[in-house]
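Those sequence lines, one after another, are chains A and B.
For the first sequence, the UniProt record's numbering begins at 1 and goes up steadily by one.
For the second sequence, the UniProt record's numbering begins at 1 and goes up steadily by one.
By construction, the Cβ of each residue, glycine as well, lies at the ideal position given by its N, Cα and C atoms.
Number of protein chains: 2
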Amino acid sequence: MTRTGERPVVAHEWVLDRLLEGPLRPDDLRLRARELPALQPGEVLVRNEFMAVDPAMRLRMDRRRAGRLAYPEGEAVGAKAVGTVQESAADGIPVGARVVTFLGFRDFAVARADALDVVDDLVGDLPPENALTALGNPGLTAWVGLTVIADLQAGETLLVSSAAGGIGSLAVQIGRLRGARVIGSAGTEDKVRWITEELGADSAFDYHAESPGAPLDRLAPDGLDVYFDNTGGPLLEAAVPRMRRLGRIAHCGSVSGYDGGGSPLRIDDVAQIVLNSLTLRGYIVDEHRAIWPRALEELRTWLAEGHLRAPHTVVDGLDSVPEALADVLRPGATHRGKLLVRLDVARP
Amino acid sequence: MTRTGERPVVAHEWVLDRLLEGPLRPDDLRLRARELPALQPGEVLVRNEFMAVDPAMRLRMDRRRAGRLAYPEGEAVGAKAVGTVQESAADGIPVGARVVTFLGFRDFAVARADALDVVDDLVGDLPPENALTALGNPGLTAWVGLTVIADLQAGETLLVSSAAGGIGSLAVQIGRLRGARVIGSAGTEDKVRWITEELGADSAFDYHAESPGAPLDRLAPDGLDVYFDNTGGPLLEAAVPRMRRLGRIAHCGSVSGYDGGGSPLRIDDVAQIVLNSLTLRGYIVDEHRAIWPRALEELRTWLAEGHLRAPHTVVDGLDSVPEALADVLRPGATHRGKLLVRLDVARP
């Protein structure tokens, strides 16, 4: 057991008092100061440095739809975060170690050693914020979706939605590295350019400019083998009848419906699913931990060799959390890649 | 090369002159006499004895929806059939051999040796019509769907639609043999009784008597692990939000929409698919030929030991084909298990 340094008396944390029944409003989250408890054996005190802002957090806030993943009311909102251990009552996690927890949206947190990952184990020699981008949930979600769920093969045609987002920007690049022909969709012309020119997609389209059937017919006249879907909504509905035989849809999110009543799926004729032997599969990356070591090894190699970038946008300060969450839910928002909040650790 | 016996001069066959654009009508199929050609090397002449009447035939007749599986217009309708080789120009297929072809809905047919299965290889010592029921497409479709597509485990809760039908009646029994808790749906009270009393389902319900959400909530209050779906329609829509975490839907047909404009699928909120990590997978049993030997071995053993029955209903005569096809498309039809047409080989 190791103890060191000055101990903060209070933590500041964003709290959700009530699960949502309508769209997220700025005052649904409340910043609260809370006295930090003394550590129990097996616990560490973490000072957060980077926090991931994830559209799926909105789903966990939803009274009607969150189910088993709902945030507990009246408690600090969980978010993936990288922080430094300030005080330790856990064997093998020394003070100064960088760790990833689900204890973001707060400056200081008490974490159990069995519910955290050590950043060095994830990122090796790379900067720690990679544990929230290419070597964290976004990279693992894209890798697992394309490799395990969709079994993407070289030469296949891949569609990626939200292709300028935290997960989509990595799925585009992984698809390209796997030898697929990659089509991306995004919500602004700037992002469309960025997806092709910077991320290497073969083509991309602005889903605000036209209904999705037209660009899919134009850019993939022979149909799609794999759709990496993290939006749901009209693009998913347009993709289903345009899948080729034995097509696979890896579905990791439906952000288009998170801040409304949900994203419906309307397939005119379910016979398409049999006639083309389609698979539509939802997944959560935490259910695939057994394959993370192999995924991380490949992702780290790509990063180290310069084949993969970890796009992200950084905003500063705990106060920026509510606006950042609204931003990742807003169609056509201007940030690119993963949105991270960097913490203002000067707060007393 | 072997030749023998009297050679018929003409075959009688049911022909579809035009793909359908509306519901099937009695005169859409036309019985035609056709002179049989001389055999080419590698061909055999088959006299059909049993023909399978399959709801999916209707889908192949549909101009708008059949896609790559559409029947060629103006030709005899293909159906799985067991027949006896009358004349052979193929090595290894002697006269008198029983074979399965896709050349049903006719009395005599010329088959290529590389497009048939030898009945003995499928059924062993069991009666040949098993090649169209438990040891043919219905049994293989049920076995592949539950074993490969859905990976059904002992103790899980399984829903089977069309549970009194040709495929469903086998899926119920295979589910039970795998140790699952089995719920069946059917369209008459008589069938509901038969599914539980004769096939061994734990429970069953009449989908005409109430909307499907109510019986599912009553019979599976903790939700469904696997749904073996060959109907689509309202039961599929009711099942999706009632699937447990990591639930699997094996989808081999959507008979509820075959004779109409198709079976729509309307999911209120596709987030259910991610939140519960659901898989919806369509498949065609012919795509899984590599695993047929293992499936047939297990199915044959169950049949031989009396653990599995091969339910079927027989109607006689080539003239009964159109009514038999209408019957398998009719909700609440009274036949049980697979519907077979036994051929009137006395036809001149």
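Going by the beta-carbon positions, is the gap between Ser169 (chain B) and Pro331 (chain B) smaller than 7 angstroms?
no
Nearest-angstrom Cα distance between Gly282 (chain A) and Tyr227 (chain B)?
One alpha carbon belongs to Gly282 (chain A), the other to Tyr227 (chain B), and they sit about 16 angstroms apart.
Take Glu87 (chain B) as the anchor and find which of B:Tyr71, B:Arg68, B:Ala113 has the nearest alpha-carbon.
It is B:Ala113 whose Cα lies nearest to the Cα of Glu87 (chain B).
For the 8 angstroms Cβ check, are there 3 or more pairs between the region 294-311 of chain B and the region 282-294 of chain A?
no
From the DSSP output, which residues share a beta bridge with Glu75 (chain B)?
B:Leu16
Same chain, Cβ closer than 7 angstroms to Ser199 (chain A), neighbours up to 5 away in sequence not counted
Just to set this straight, residue 199 (chain A) is Leu in the shown sequence, not Ser. Within the same chain, Leu199 (chain A) has close Cβ partners Ser169, Val172, Gln173.
Can you tell which of B:Val274, B:Asp62, B:Thr279 has its C-alpha closest to the C-alpha of Asp259 (chain B)?
B:Asp62
Taking Leu19 (chain B) as the query, report the chain A residues whose CB atoms sit under 7 angstroms from its CB, ordered along the chain.
Ordered by position in chain A, no residue passes the 7 angstroms Cβ test against Leu19 (chain B), which lies about 14 angstroms from the chain.
According to DSSP, simplified to helix, strand and coil, what is Ala204 (chain B)?
Ala204 (chain B) falls in the strand class under three-state DSSP.
Of all the CB atoms in chain A, is at least one closer than 7 angstroms to the CB of His251 (chain B)?
yes
Buried or exposed, going by whether 16 or more other CB atoms sit within 10 Å of the CB of Arg58 (chain A)?
Counting Cβ neighbours within 10 Å, Arg58 (chain A) comes out buried, since at least 16 surround it.
Is any beta-carbon of chain B found at less than 7 angstroms from that of Leu59 (chain A)?
yes
Find the residues of chain A that neighbour Thr279 (chain B), judging by a C-beta separation of less than 8 angstroms, and give them in chain order.
Thr279, Leu280, Arg281, Gly282
Answer yes or no: do Ala186 (chain B) and Ala164 (chain B) have a C-beta to C-beta separation smaller than 7 angstroms?
Yes, these two residues count as a Cβ contact at 7 angstroms.
Let me know if His335 (chain B) comes out buried or exposed under the rule of 16 or more other beta-carbons within 10 Å of its beta-carbon.
Around the beta carbon of His335 (chain B), 16 or more other beta carbons lie within 10 angstroms, which makes this residue buried.
Quick one: using the 10 Å Cβ neighbour count with 16 as the cut-off for buried, is Asp107 (chain B) buried or exposed?
buried
Taking Cβ to Cβ, would you say Val53 (chain B) is nearer than 7 angstroms to Val85 (chain B)?
no
So the candidates are A:Ala271, A:Trp14, A:Glu21; which of them puts its Cα closest to the Cα of Ala33 (chain A)?
A:Trp14
Residue ranges of each alpha helix (DSSP H) run of no fewer than 4 residues wholly in the region 185-254 of chain A, ordered along the chain?
189-197, 213-219, 233-239
So, under 8 angstroms CB-CB, Val123 (chain B) and Ala131 (chain B) are touching, yes? Tell me the CB distance rounded to an integer number of Å.
Under the criterion of beta carbons closer than 8 angstroms, Val123 (chain B) and Ala131 (chain B) qualify as touching, at roughly 5 angstroms.
Can you tell me where the beta strand (DSSP E) holding Val44 (chain B) begins and where it ends?
43-53
Beta-carbon spacing of Val314 (chain A), Leu340 (chain A) below 7 angstroms:
yes
Are Asp263 (chain B) and Gly233 (chain B) touching if we call contact CB-CB under 7 angstroms?
Per the sequence shown, residue 263 (chain B) should be read as Ser rather than Asp. Yes, these two residues count as a Cβ contact at 7 angstroms.
Helix, strand or coil: which one does DSSP assign to Arg64 (chain A)?
coil
What are the start and end residues of each continuous alpha helix (DSSP H) run of 4 or more residues lying completely inside the region 73-140 of chain B, in chain order?
119-123
Shorter than 7 angstroms from the beta carbon of Leu24 (chain B) to some beta carbon of chain A?
no
Under the assumption that Tyr71 (chain A) contacts Leu16 (chain A) (Cβ atoms under 8 angstroms), give the Cβ distance between them as a whole number of angstroms.
5 angstroms
So what does residue 353 (chain A) bridge to, in DSSP terms?
The displayed coordinates of chain A run from 1 to 348. Any statement about residue 353 (chain A) would go beyond what the structure contains.
If I measure Cβ to Cβ from Gly136 (chain A) and keep anything under 8 angstroms in the same chain, skipping five residues before and after, which residues do I get?
The residues are Ala52, Lys80, Val100, Leu122, Asn130.
Spatial distance of Arg176 (chain A) from Phe205 (chain B) (CA atoms):
50 angstroms
So, is Val9 (chain A) buried or exposed, given that buried needs 16 or more other C-beta atoms within 10 angstroms?
Counting of Cβ neighbours within 10 angstroms places Val9 (chain A) among the exposed residues, the total staying below 16.
Residues in the region 59-74 of chain A with C-beta within 8 angstroms of chain B's C-beta atoms, listed in sequence order?
Leu59, Arg65, Ala66, Gly67, Arg68, Leu69
Could you check what DSSP says for Val148 (chain B) in three-state terms: helix, strand or coil?
Annotated three-state conformation of Val148 (chain B) is helix, per DSSP.
Going by beta-carbon coordinates alone, are Arg309 (chain B) and Thr279 (chain B) separated by less than 7 angstroms?
no
Glu35 (chain A) by DSSP, collapsed to three states: which one?
strand
Ends of the alpha helix (DSSP H) at Leu318 (chain A)?
No alpha helix (DSSP H) holds Leu318 (chain A); DSSP gives it neither H nor E.
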